[in-house]
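Reading through the structure tokens given below for one structure.
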Amino acid sequence: MPVTKTAKRALRVAKRKFKVNNIIRKQLEVAVRVAKKDKTLAKISAAIKLADRGAKKNVIHKNKASRIKKVLGRLTLKGKTITPSKKKAAKKKKK
Numbered sequence: 577m578p579v580t581k582t583a584k585r586a587l588r589v590a591k592r593k594f595k596v597n598n599i600i601r602k603q604l605e606v607a608v609r610v611a612k613k614d615k616t617l618a619k620i621s622a623a624i625k626l627a628d629r630g631a632k633k634n635v636i637h638k639n640k641a642s643r644i645k646k647v648l649g650r651l652t653l654k655g656k657t658i659t660p661s662k663k664k665a666a667k668k669k670k671k
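Each residue of the sequence shown is one higher than the last, beginning at 577 in this note's numbering.
Below, the structure is given as structure tokens:
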């Protein structure tokens, strides 16, 4: 058990982060499982978003997120062609 005041505070923070990280990790696992089963574009994009969020918050490693996205990307390419969305042109600033 922690003895000092800062160690006790660090333990509280670690417990809180552990709970939040587990929630994000479980959501990602479920989303990937559902995306592999359904193979719909909406489910796949939701799982990819969760993988990106997990990597951004350091819940999972960025290379693991990359592998998850690669596997999910292969599901979209089987028998379907996906056209990338066009971005709007940036407006020029007036002087």
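Cβ atoms here follow ideal geometry from the backbone N, Cα and C, with glycine treated the same way. Treat the numbers as computed from the prediction; the structure is a model and nothing was measured.
C-beta atoms of residue i and residue j nearer than 8 Å
| i | j | result |
| --- | --- | --- |
| residue 653 | residue 611 | no |
| residue 641 | residue 630 | yes |
| residue 625 | residue 651 | no |
| residue 604 | residue 618 | no |
Limits of the unbroken alpha helix (DSSP H) element including residue i
| i | result |
| --- | --- |
| residue 584 | 581-614 |
Whole-angstrom C-beta distance between residue j and residue i, which should lie under 8 Å
| i | j | result |
| --- | --- | --- |
| residue 636 | residue 601 | 7 Å |
Unbroken stretches of the alpha helix (DSSP H), 4 residues or longer, contained in the region 624-663
638-653
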